[in-house]
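Q: Sequential numbering from 1 applies to the sequence shown in the numbering used here.
For every residue, glycine included, the Cβ atom is placed at its ideal position computed from N, Cα and C.
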Amino acid sequence: MVLGRVVMLADFDYFFAQCEELRNPLIKDKPIVVGVYSGRTEDSGAVSTSNYIARSYGVKSGIPIFLAKRNLEGTDAVFFPVDHDYYQQISDRVMQILSTYASSLEQVSIDEAYLDVTSQMEGNFEKAYIYAQKIKQDIKTQVGLSLTVGIGPNKLVAKIACDSQKPDGLTLVKPEDATKFLAPLPVDRLLGVGKKTFTRMEQMGIKTIEELSKFDVQRLIAVFGKTLGLYFHNAANAIDNEPVIFAGEAESISKIGTLKQDTHDLTLLLQKTDELTEIVYKEVAEKNYSFKTISIYVVNVDLVSKSRSVTLEQSTRDKEVIKRNVRVLFEKYLAESSLDIRRVGVKVSGFSKEQPQQKQLSSFFG
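Set out below in structure tokens:
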């Protein structure tokens with residue numbers, strides 16, 4: 001059976017400003033502005049992001065900091081310089097959690113990622129909506145961050161769905177509703193339609209995505225060239241076959257589950273991870289992958305998440321190798337931590353389709 005794709009886009013709400021709220025909860029109800037300061041004067045530079053309270057005063061990304069201060073004069077607004085290292089730490093934590101929910105995760109920026117959850121959802125979009133709620137709650141509980149999620153049959157629809165309801169939104173667009181969802185939107189909601197292209201399309205009588213979808217594709221090709229013309233035509237008709245790929249390295253396959261009871265007992269933990277391993281291995285086998293890295297994921301009762309990994313000398317396709325190494329990782333982890341565990345996960349990565357060589361394995365624990 002060929003499953004219809006289920007793709008999510010997760011976008012962390014007003015990310016830099018929200019990170020500052022995490023660091024100092026007392027400022028949460030104040031206008032918050034994060035800026036890139038040039039250093040020439042106290043107010044020289046530009047706004048990087050702002051929370052929604054500040055945005056209600058007209059403070060948006062890209063405007064000068066002095067103008068943001070003028071707009072917020074008389075308020076208890078707080079201003080921060082960009083702290084990339086801190087924001088990256090928060091992003092890494094969230095991406096790690098998101099990766100446990102998806103067959104493939106594609107991070108497109110520090111605060112945005114696509115998730116392919118087709119196999120997890122078995123093509124069921126109602127199930128995907130509940131799954132997304134669970135993801136949002138998990139991030140909120142573990143990290144304290146809100147995020148907006150769009151769900152669609154491809155990356156294009158998921159992106160526009162995500163952008164349609166912020167902050168802390170969740171928008172589902174089923175395959176049969178995709179063209180209807182896109183139809184009334186202005187054509188510049190499509191990626192690749194900038195100011196110049198938008199003006200040109202207006203001159204051609206194209207203002208909405210529906211009008212673009214019905215426009216003669218040969219004329220689009222004549223005006224914009226074959227690649228862009230076909231892209232505009234397909235995008236307007238909700239067609240996008242671009243895969244969700246973990247940029248820079250092979251994708252991972254993972255599965256996470258909640259234990260029936262919080263525990264520090266290795267036997268109970270391995271009962272659950274063996275179940276998860278079966279699910280992970282089934283997908284690995286279907287894709288004819290060999291893997292080289294095996295990871296465990298742990299959420300303790302204090303809701304702090306941890307991961308541990310082993311890397312093998314040679315790739316393998318052996319399910320028992322996963323189980324043996326998961327056991328070793330948990331034995332070491334339990335020796336380090338006395339906290340009971342609430343959730344566990346199993347992940348394999350470092351894929352290839354080459355015939356594996358069976359050699360002695362070596363591992364690291366980090």
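#1: Taking the DSSP output, what are the residues bridged to PRO81?
#2: Mapping DSSP to helix, strand and coil, what is GLN360?
#3: With DSSP collapsed to three states, give me the class of GLN271.
#4: Counting Cβ pairs, one atom from each stretch, are 3 or more of them under 8 angstroms apart for the segment 151–158 and the segment 232–246?
#5: Output the boundary residues of the alpha helix (DSSP H) element that contains ASP138.
#6: Output needed for LEU147: all residues of its chain with C-beta closer than 7 angstroms, excluding positions within five of it in sequence on either side, in chain order.
#7: Identify whether GLU249 lies in helix, strand or coil by the three-state DSSP scheme.
#8: Could you give the residue range of the alpha helix (DSSP H) that holds ASP163?
#9: In or out: GLU336 buried (at least 16 other Cβ within 10 Å) or exposed?
#10: Give the single residue among PRO167, VAL280 and VAL173 whose Cα lies nearest to the Cα of ALA161.
#11: Can the beta-carbon of TYR178 be found closer than 9 angstroms to that of ALA238?
#12: Quick check on this structure: which residue in GLY350, LEU182 and MET204 has the alpha carbon closest to the alpha carbon of GLU210?
#13: Roughly how many angstroms separate the alpha carbons of LYS166 and LYS292, rounded to a whole number?
#14: Ignoring anything shorter than 3 residues or poking outside the segment 84–125, list the beta strand (DSSP E) runs there in chain order.
#15: Under three-state DSSP, which class holds GLY152?
A: Per the coordinate set shown:
#1: Residue numbering aside, residue 81 sits at position 81 when the sequence shown is read from its first letter. Note: PRO81 sits in a beta bridge opposite GLY35.
#2: Locating residue 360 in the sequence shown gives position 360, counting from the first residue. A caution first: GLN360 carries a pLDDT of 31, below 50, which makes its placement in the model unreliable, though a value can still be read off. Residue state, collapsed to three classes: coil.
#3: Stepping through the sequence shown from its first residue, residue 271 is reached at position 271. Of the three classes helix, strand and coil, the one that applies to GLN271 here is helix, per DSSP.
#4: yes
#5: Residue numbering aside, residue 138 sits at position 138 when the sequence shown is read from its first letter. 125–142 is the span of the alpha helix (DSSP H), which, as asked, contains ASP138.
#6: For the purposes of this step, residue 147 is taken as the residue at position 147 of the sequence shown. Correct list, in chain order: ALA10, ASP11, PHE12, ASP13, LYS136 and ILE139.
#7: Taking the first residue of the sequence shown as position 1, residue 249 is located at position 249. Its pLDDT being 43, under 50, GLU249 is placed unreliably by the model, and the measurement read from it follows with that caveat. It is coil, neither helix nor strand.
#8: Position 163 of the sequence shown, counted from the start, is the residue given in the question as residue 163. 155–163 is the extent of the alpha helix (DSSP H) around ASP163.
#9: The residue given as residue 336 occupies position 336 in the sequence shown. That one is exposed.
#10: As a first step, residue 161 must be located in the sequence shown, where it is residue number 161. Of the listed residues, the one whose Cα sits closest to ALA161 is VAL173.
#11: To locate residue 178, count along the sequence shown from 1; it is residue 178. To locate residue 238, count along the sequence shown from 1; it is residue 238. The residue asked about is misnamed: residue 178 is Ala in this sequence, not Tyr. In contact: ALA178 and ALA238 (Cβ atoms closer than 9 angstroms).
#12: Along the sequence shown, one-based indexing puts residue 210 at 210. Of the candidates GLY350, LEU182 and MET204, the one whose C-alpha sits nearest the C-alpha of GLU210 is LEU182.
#13: Along the sequence shown, read from residue 1 onward, the residue named residue 166 stands at position 166. Along the sequence shown, read from residue 1 onward, the residue named residue 292 stands at position 292. Cα-Cα distance, rounded: 39 angstroms.
#14: 104–109 and 112–116
#15: Along the sequence shown, read from residue 1 onward, the residue named residue 152 stands at position 152. Residue state, collapsed to three classes: strand.
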